[in-house]
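Take a look at the structure set out below.
Numbering (mature numbering (1 follows the signal peptide of the UniProt record, and there is no 0)), first residue to last: -18 to -1, 1 to 397.
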């Protein structure tokens, strides 16, 4: 009887202790959850973004171009690495852009030192204080009585002498710059004019003017519209800060347009009026990549008679022109069909005819599916195209004073 009572008492004590321990564990778990709820795990995962300060020379970046024109690290010999700092995409992008600016200056040096081109300032009557652009010309660009070649790049960050910055950095100078075109053109007796259609404005740091900042109460905007605007701005700030604990603040910049050169189209038209058309050359040949093709069509629309009388052939490379949207006349479309060829990105072999999207200039394969490579891949074909066009023009001029449209028709079977 005593044993049974003792056992019962022992079980009661054990159950009571177990309940107390369970309650204690539950309280600890609750306290831990409460503590974790107060910790911003996303904040803990954020990184401190390094300063956006980068070298100003290739040596500073520890990169150089080798004999093959490839950009390589001076110590490891490795190609350029974009993801220099893991999970810091914005910083890596800014580093890439800083290197790109150095590459631009490097290409300018090569144009001047290796290709012997000289810089011509635009506008030609620019004052000392106003924003300026420039183009590059060979010594005989305006005096060559026979022929000149004009190079027009696409849109974006590229400047005079470049087809694609990405190719210069990741591939080589031959594929990414216009230097091979310039050297070959000079060897074949062309004068050369290199346009700079993306140098449209002077970038300066924006100076904030407190006097111009209106208080929210003084705004004429309806409250609902102002709230939506604030919501959008707050979202931008949230997206901006979501990755970095202390994102580096960028300088606010503003752009002052360059007179009569405020867009690629304006620049091309200005270069025609003040340089290309003033050349003594009887025969003008044009290479236009991507947006450069659109700029050329715009030039034709504005200077149709002049272009038709001087330009013998136009080689476009993956041009984005559109004769319908640009409202090119039928006479311009007819001229493009006879004097123009567009080497487009395509899986087909080089110079294979490609179905036309619009009824303007013929399209052939550039032998690559990469847009930025179309100029380099069609390099040999373009010079052959120009040579044939000049020969046809000279044959027609010598045989008859009347030139028929069919006599200038592009002979794709000759490629």
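Even for Gly, the Cβ is constructed at its ideal location relative to N, Cα and C.
Check: If contacts are defined as beta-carbon pairs under 8 Å, then residue 283 and residue 253 qualify, I think. What distance do you get, rounded to the angstrom?; Outcome: With a Cβ gap of about 16 Å, residue 283 and residue 253 do not count as contacting.
Check: Ordered along the chain, which non-local residues of its own chain (more than five positions away) have a Cβ less than 7 Å from that of residue 141?; Outcome: 86, 178, 180 and 181
Check: Please state if the CB of residue 323 and the CB of residue 346 are separated by a distance shorter than 9 Å.; Outcome: yes
Check: Consult DSSP for residue 183 and reduce its assignment to one of helix, strand or coil.; Outcome: strand
Check: Might you give, ordered along the chain, the residues of its own chain that have their beta carbon closer than 6 Å to the beta carbon of residue 375, omitting 5 neighbours on each side?; Outcome: 294
Check: Residue 233 by DSSP, collapsed to three states: which one?; Outcome: coil
Check: Assuming the contact rule is C-beta atoms closer than 8 Å, residue 122 and residue 173 should be a hit. Round their C-beta distance to whole Å, please.; Outcome: 5 Å
Check: What are the start and end residues of the alpha helix (DSSP H) that includes residue 71?; Outcome: 71 to 95
Check: Three-state secondary structure (DSSP) at residue 45?; Outcome: strand
Check: According to the neighbour-count rule (16 or more other Cβ atoms, all chains shown, within 10 Å of its Cβ), is residue 342 buried or exposed?; Outcome: buried
Check: I'd like the ranges of any beta strand (DSSP E) spanning at least 3 consecutive residues and lying wholly in the region 289 to 322.; Outcome: 293 to 299
Check: Three or more C-beta pairs closer than 8 Å, one from the region 263 to 280 and one from the region 122 to 140: is that the case here?; Outcome: yes
Check: Is the beta carbon of residue 102 closer than 9 Å to that of residue 116?; Outcome: yes
Check: Enumerate in chain order the residues of its own chain whose CB-to-CB distance from residue 125 is below 7 Å, with the five nearest sequence positions on each side excluded.; Outcome: 262
Check: So the beta strand (DSSP E) residue 99 belongs to, where does it begin and stop?; Outcome: Residue 99 -> no beta strand (DSSP E), and no H or E assigned at all.
Check: Buried or exposed: which applies to residue 165, given that a residue is buried once 16 or more other Cβ atoms fall within 10 Å of its Cβ?; Outcome: exposed
Check: By alpha-carbon positions, which one of 31, 38, 99 and 238 ends up nearest to residue 176?; Outcome: 99
Check: Below 8 Å on the Cβ atoms is my contact criterion, and I expect residue 249 with residue 300 to pass it. Report the Cβ-Cβ distance as a whole number of Å.; Outcome: Residue 249 to residue 300, Cβ: 20 Å. No contact.
Check: Among residues of its own chain, excluding the 5 on either side of residue 184, which ones have a beta-carbon nearer than 6 Å to its beta-carbon?; Outcome: 113 and 238
Check: Alpha carbon to alpha carbon, how far is residue 235 from residue 109? Give it in angstroms, no decimals.; Outcome: 23 Å
Check: Measure the C-alpha to C-alpha separation of residue 155 and residue 81 and round it to an integer number of angstroms.; Outcome: 15 Å
Check: Quick one: give me the first and last residue of the alpha helix (DSSP H) that residue 279 is part of.; Outcome: 273 to 284
Check: Which whole-angstrom value describes the C-beta separation of residue 119 and residue 257, a residue pair presumed to lie in contact below a C-beta threshold of 8 Å?; Outcome: 7 Å
Check: Span of the alpha helix (DSSP H) holding residue 368?; Outcome: 361 to 381
Check: How long is the line joining the alpha carbons of residue 391 and residue 338, rounded to whole angstroms?; Outcome: Since pLDDT at residue 391 reaches only 45, below the 50 mark, its modelled position is unreliable, and the value read off the structure follows with that caveat. Their Cα atoms are separated by approximately 16 Å.
Check: Taking C-beta to C-beta, are residue 233 and residue 187 nearer than 9 Å?; Outcome: yes
Check: Which of helix, strand or coil does DSSP assign to residue 168?; Outcome: helix
Check: Rounded C-beta distance between residue 90 and residue 143? I'm assuming under 8 Å.; Outcome: 7 Å
Check: Given a cut-off of 9 Å, decide if residue 315 and residue 276 are closer than it, judged by their beta-carbon atoms.; Outcome: no
Check: Below 6 Å CB to CB, which residues in the same chain sit around residue 357 once its five sequence neighbours on both sides are set aside?; Outcome: 145, 271 and 299
Check: In whole angstroms, give me the CA-to-CA distance for residue 127 and residue 264.; Outcome: 6 Å
Check: Could you work out which residue in 129, 42, 58 and 34 is closest to residue 260 when comparing CA atoms only?; Outcome: 129
Check: Assuming residue 40 and residue 84 are in contact, meaning their beta carbons sit under 8 Å apart, how far apart are those beta carbons, in whole angstroms?; Outcome: 6 Å
Check: Hey, is residue 111 close to the ligand ZN, as in C-beta under 8 Å from one of its heavy atoms?; Outcome: By its list of ligands, the structure shown contains no ligand whatsoever, and the ligand ZN lies outside what it can speak to.
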